[in-house]
Amino acid sequence: MPTAMDIYKLLPKKNCGECKVPTCLAFAMQLANQKAALEACPYVSPEAKAALEESGAPPIRLVTVGVGDFAVKIGDETQLFRHDKTFYHPTVLGFMADDADGLDAMKTKISAAQSMSFERVGQMIRVDSVVLRHSTGKPEDFLEAVKEAAGAKLPIVLMTEDPKVMGEAVALCPGKRPLLYRATPQNHDAMIGLAKSCCFPLVIGGASSLDELAQISDKAKKAGVSDIILEPHTSGASSMLENLTVIRRAAVKKKFRPLGYPTISVLGNSDLDLMRAALGVMKYSSIVLMKDVPREFLFSLMALRQNIFTDPQVPIQVKPGLYTIGEPSEKSPILLTTNFSLTYFTVRADAEKSKVPVWLLVVDTDGQSVMTAFAAGKLTPESVAKAVETEKVKEKNKRGDIVIPGMVSRMSGKLNELTGLKIIVGPRESSGLPKMLKSLGG
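Per numbering that gives the first Met the number 0, the sequence shown starts with residue 0, numbered consecutively.
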């Protein structure tokens, strides 16, 4: 982001006040702090506007693939390490269907990709895109599969280096905004022209070095293609990590625009490819495309992605309150936990295993786990007593007791004094809840 003085040099210096700020210098300071929009100045020249927009653009361009609710956004990252701030756009995971396997197999994989979703800690995680690959030299099955995928909701990745076949595929999915894979040193003129004419994002790859990759991306940019995704050459996990890191550092630290784009990694299904997929999620691949991936590995990869792209500054929370598990009565047990999402869903899942209907009292701890909240003074007898009163626990439940986590047994005496409830110290780990709840009954 340019400094206030850098911006001031490009402003008209009229001090007219029409931007609602008394001087151009003050307006420049507002712009530098992102508290004003450049459009507020009616006298800024087109050249200055273009220069400011370019210098103020994010180091990695934001690119959208697909349309509607299932569209995915990649890029727009500003950090090398998540703990410095956060990562904004999770790695897109794509499921590949190759026309070498035949049309029926492609249709089966398209359908599988659509349905491949899971719930984890209250969030739905899923495959993000359908990838259609043309590798046979006979485009009929590939184009039929494009028609099939065009009727689905997930974004499409069209994989062919034949500009003619790509043009035919693009014509079959108007309004879907697919990702075109790919422009290479051999075909980039035709592919860049096609991407420009249809305004779809374009993968640039096949280059022997990052220098050559940057040259082609710069050429595409000058030709009018802005939505670019880079595929660096890799021969193994080591070179993959090295090239992805160099691209991210060049974009974020050096503001090197020819490499300031999202990245893509195309992998197979070998054990090494599965490890490289995890590496891509952890280290800067904006898109990871895979073929014939075991379902159990895919779930693990999605869980890894979910963890990596969780904002470390904002704990995942659930709303505090009194929840029901099953259909509890006034004689059913009451459990206590915090509103840290992972804790809540772990406790809930273990309680559900018991098949005993229970009440679950969730206390507001600013999204902290049990021991963290207890140590920080967020989970106290007073805060629990307040929650018991706010949620009218005694009116809804006549049992007269509450089960607290075993790790905070020290609060049992004070909590008994404040609430009048009998305090039952539960297991230290929620995995012990099923056995305990069955002994308590409901």
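Here a beta-carbon is modelled for each residue, glycine too, at the ideal position from N, C-alpha and C.
Scanning its chain for C-beta atoms nearer than 6 Å, with the 5 sequence neighbours on each side dropped, one finds around residue 154 the residues 64, 65, 71, 128, in chain order.
Burial of residue 289 is indicated by the presence of at least 16 other C-beta atoms within 10 angstroms of its C-beta. Distance check between residue 35 and each of 216, 45, 23 places 23 closest, using alpha-carbon atoms only. Per the DSSP secondary-structure output, residue 95 pairs in a beta bridge with 130. Membership of residue 163 in the alpha helix (DSSP H) is indicated by the continuous run 162–170. 9 Å or more divides the Cβ of residue 126 from the Cβ of residue 80.
Counting along the chain, no beta strand (DSSP E) covers residue 285, and no H or E run does either. Contact between residue 344 and residue 364 fails: their C-beta atoms lie close to 15 Å from each other, not under 8 Å. Of 330, 201, 87, the smallest CA-CA separation from residue 399 is found for 330.
Going by C-alpha positions, residue 307 is about 32 Å away from residue 383. Taking a 10 Å sphere around the C-beta of residue 284, we find 16 or more other C-beta atoms and assign the residue as buried. Nearest neighbour of residue 230 by Cα position, chosen from 217, 47, 265, turns out to be 265.
Under the three-pair Cβ rule at 8 Å, the region 293–303 counts as touching the region 109–126. The Cβ-Cβ distance between residue 350 and residue 357 falls below 9 Å. One Cα belongs to residue 98, the other to residue 104, and the distance between them is close to 8 Å.
Under the 8 Å Cβ criterion, the region 367–375 does not count as touching the region 389–397, having fewer than three qualifying pairs.
Considering only 74, 19, 207, the residue with the shortest C-alpha distance to residue 262 is 74. Every beta strand (DSSP E) of 3 residues or more that sits fully in the region 207–256 is shown, in chain order, as 227–229. A Cβ-Cβ separation of about 7 Å places residue 417 in contact with residue 381 under the 8 Å criterion.
If the five residues before and after residue 424 are omitted, its C-beta is found closer than 7 Å to the C-beta atoms of 403, 405, 408, 411, all from its own chain and listed in chain order. Taking residue 137 as the centre and dropping the five residues before and after it, the same chain places the C-beta of 98 closer than 8 Å to its C-beta, in chain order. Short of 8 Å from the beta carbon of residue 347, and not among the five residues preceding or following it, lie these beta carbons of its own chain, in chain order: 322, 324, 359. In the three-state DSSP reduction, residue 108 falls in the helix class (H, G or I).
The three-state secondary structure of residue 181, taken from DSSP, is strand. Of the residues 111, 116, 180, the one whose Cα lies closest to the Cα of residue 132 is 180. Counting only the Cα atoms, residue 217 lies some 28 Å from residue 7. Between residue 355 and residue 332, the CB-CB gap stays under 9 Å. Runs of the beta strand (DSSP E) lying entirely within the region 24–92, each at least 3 residues long, are 62–64, 71–73 in chain order.
Out of 86, 69, 190, 394, the CA that lies nearest to the CA of residue 280 is found in 86.
Between residue 205 and the set 222, 172, 196, 160, the nearest pair of CA atoms involves 160. Residue 293 counts as exposed, since fewer than 16 other beta carbons sit within 10 angstroms of its beta carbon. Distance check between residue 147 and each of 121, 122, 112, 163 places 112 closest, using alpha-carbon atoms only. Spatial neighbours of residue 352 in its own chain (CB-CB distance under 6 Å, excluding positions within 5 residues in sequence) are listed in chain order as 433. Within the DSSP bridge table, the entry for residue 400 names 421 as partners. With contacts defined as CB atoms closer than 9 Å, residue 171 and residue 202 fail to qualify as a contacting pair.
Taking the Cα of residue 336 as reference, the smallest distance to any Cα among 310, 311, 368 is reached at 368.
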